[in-house]
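Yeah, the sequence shown ends on 504 if you go by the numbering used here, and it's all consecutive. A quick write-up on the structure given underneath.
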Amino acid sequence: MFNQKVDQFARKHQLFKHGATILIGVSGGPDSMALLHYFLQKREAWQLRLVVLTIDHQLRGNESESDVQYVALQCEKWGIEYKVASLDVPTYKRKHGVGTQVAARAMRYQFFEECMSTYQADLLALGHHGDDQVETLYMGMMRGVEPMHIHGIPEKRPFGQGKLIRPFLGVTKGEIEAYCKQNHIQPRYDESNESPYYTRNAFRMKVLPFLKEHNPKIHEHMQKYHEYREDDEDYLQHEAKRIFDSSMFQKQGRKLVVDRTEFLSIPRPLQRRSFHLILNYLYQQTIYDGSYLHWEQYIRMMEDETPQASIDMPLGLTVVRSYETVTFTFDQTEVVPFHYPLQVPGEVQLPNGAMIQAYINDRYQDEGLYHFACDINNITLPLTVRTRNPGDRISIRGMDGHKKVKNLFIDEKIPQIERDQWPIVTDATGKLLWIVSLQKARINTSSKPEAWLHLMYKNQENF
């Protein structure tokens, strides 16, 4: 019955095929010893090359050495190739500042990957079972991780030059122990697995029995949940990637600009995944689970009626909203006000590379967006090109009174980040003549002007 369940699971997920070279991670415990015995029964009929990998993590003194010796003797008894590794986990732990389990796992998988290359292996088989699947999914929920980041244990995934497979995810720990007893396998037991110090052990000893009491097939239901959810997630990630590659997201090196209206038009699941793709792209790595908090801040900013807002992200990333444009950027160069004299005739270059030219002639020319003209006798030279000051006001052509520059920027929906660098031309009295491309001052014109002052703004768009 046990073999049939594992066979059925392996066929369903196409875990291995005839003639494969399979590395098997074996600790000497019941899970890995049962896995080794299972493949031993398959070896001849399936023409499999089996290689056992066993490790002394240098954490349990003589006990771990005895485990390795036990596995080696068992392999010799069954005529199976094996390779032993002794990994200095305590030193790795101190050097990298990580916990024992993290250090052991990192070194273990590095060894496995090296062996995949050494043996030109197709597969690495590990003994994770259905109870492990239940623990993994429930503990992900307990940690408060963002739901889309709660992943179960995959039955297979790319690893090294081949794949990592877990044929026992369809059976329970109890079934594995019964299999060992039936086949006269006497596995080793790691006492640290019984220590409630580790959260996973506490879950296994206290929570899992309760779940199984109320649903003995909880592992089967959780495996189905995992498989269905992963299928759904694959589809959603594919759709999110398609959207991320569209014109909605303008990528400019380590800067990215999002069209707010378009972003809010896509379904919420794709919004969330697109946000994470943005972070992965900009950080150039898979983002940490803590991004859940930043997602909540981001979507509030996107949906809020306030047109200007920003979020500070880790590692110097800032998200800035200005009306319908949202910019992710690491470039937060300090804005420095400028104040340049402008000779007539003459020119001045601005920090953004653009230029303002001043000249005089005896006739009026049609004014465009980047052209200003007035009767030179009705202003006072010299001119100044500067950034805005608090309380700045400008007279409006064709209207009485003045308007605050601050309100003009708001009405024109000028991004906050651009307002403090916007060029303004004034005369010697401080009167605002021209807020470049936005507003021209109301200036009287003589009945017969003797000369006209012309100002031209030139940038890459209108050179």
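All C-beta atoms, glycine included, are put in the ideal place defined by N, C-alpha and C.
According to the DSSP assignment, residue 71 belongs to the alpha helix (DSSP H) that extends over 71-87. Segment contact: the stretch 154-171 against the stretch 59-66, three or more CB-CB distances shorter than 8 Å; contact assigned. Contact check for residue 209 and residue 47: beta-carbon distance about 7 Å, within the 8 Å limit, so the pair qualifies. Residue 376 counts as exposed, since fewer than 16 other beta carbons sit within 10 angstroms of its beta carbon. DSSP places residue 324 in the helix class (H, G or I) of the three-state scheme. For residue 367, there is no enclosing alpha helix (DSSP H); the residue is part of the beta strand (DSSP E) that begins and ends at 366-370. Apart from sequence neighbours up to five positions away, the residues of its chain that approach residue 112 with a beta-carbon distance below 6 Å are 67, 69, 95, ordered along the chain. When C-alpha distances from residue 494 are compared across 441, 443, 442, 407, the shortest belongs to 407.
Scanning the stretch 254-311 from its first residue to its last, the whole beta strand (DSSP E) runs of 3-plus residues come out as 290-292, 296-300. For residue 427 against residue 380, the beta-carbon gap comes to about 4 Å, under 8 Å, which counts as contact. For residue 181, the uninterrupted alpha helix (DSSP H) run begins and ends at 171-183, by DSSP. In this structure the stretch 426-440 lies against the stretch 454-472, because at least three pairs of beta carbons, one per stretch, are closer than 8 Å. Of 395, 98, 252, the smallest CA-CA separation from residue 411 is found for 395. Leaving aside the five residues that flank residue 275 on each side, none in its chain has a CB nearer than 6 Å to its CB. Contact check for residue 139 against residue 125 fails: the beta carbons are separated by 8 Å or more. Excluding its 5 nearest sequence neighbours in each direction, residue 432 has C-beta neighbours in its own chain below 8 Å: 445, listed in chain order.
Residue 354 counts as buried, since no fewer than 16 other beta carbons sit within 10 angstroms of its beta carbon.
DSSP, read as helix, strand or coil, puts residue 499 in strand. In this structure, the beta-carbon distance from residue 483 to residue 438 falls below 8 Å.
Closest in alpha carbon position to residue 195, among 310, 271, 247, is 271. Cβ atoms of residue 98 and residue 51 stay farther apart than 8 Å, at about 29 Å.
Cβ-Cβ distances below 7 Å link residue 498 to 395, 397, 411, 477, 478 in the same chain, with the five nearest sequence neighbours on each side left out; the list follows chain order. Runs of the beta strand (DSSP E) spanning 3 or more residues and lying entirely within the stretch 206-239 do not occur at all. Here DSSP, grouped into helix, strand and coil, assigns residue 381 to strand. Residue state for residue 438 is assigned as coil, using DSSP reduced to three classes. Residue environment: residue 401 is assigned as exposed (fewer than 16 neighbouring CB atoms within 10 Å of its CB, all protein chains considered). Taking 8 Å as the cut-off, the Cβ atoms of residue 339 and residue 371 do not count as close. Rounded to whole angstroms, residue 239 and residue 246 show a C-alpha spacing of 11 Å. In this structure the stretch 228-235 lies against the stretch 69-86, because at least three pairs of beta carbons, one per stretch, are closer than 8 Å. The Cβ atoms of residue 356 and residue 310 lie no closer than 8 Å to each other. Rounded to whole angstroms, residue 382 and residue 474 show a C-alpha spacing of 14 Å.
Residue environment analysis places residue 347 among the exposed positions, since fewer than 16 neighbouring C-beta atoms fall within 10 angstroms of its C-beta.
For residue 474, the enclosing beta strand (DSSP E) starts and ends at 473-476. The stretch 286-296 makes no contact with the stretch 257-271, as fewer than three CB pairs between them are under 8 Å. Remark: C-beta atoms of residue 165 and residue 205 approach each other more closely than 8 Å. Here residue 193 really is in contact with residue 177; their C-beta atoms are around 6 Å apart, less than 8 Å.
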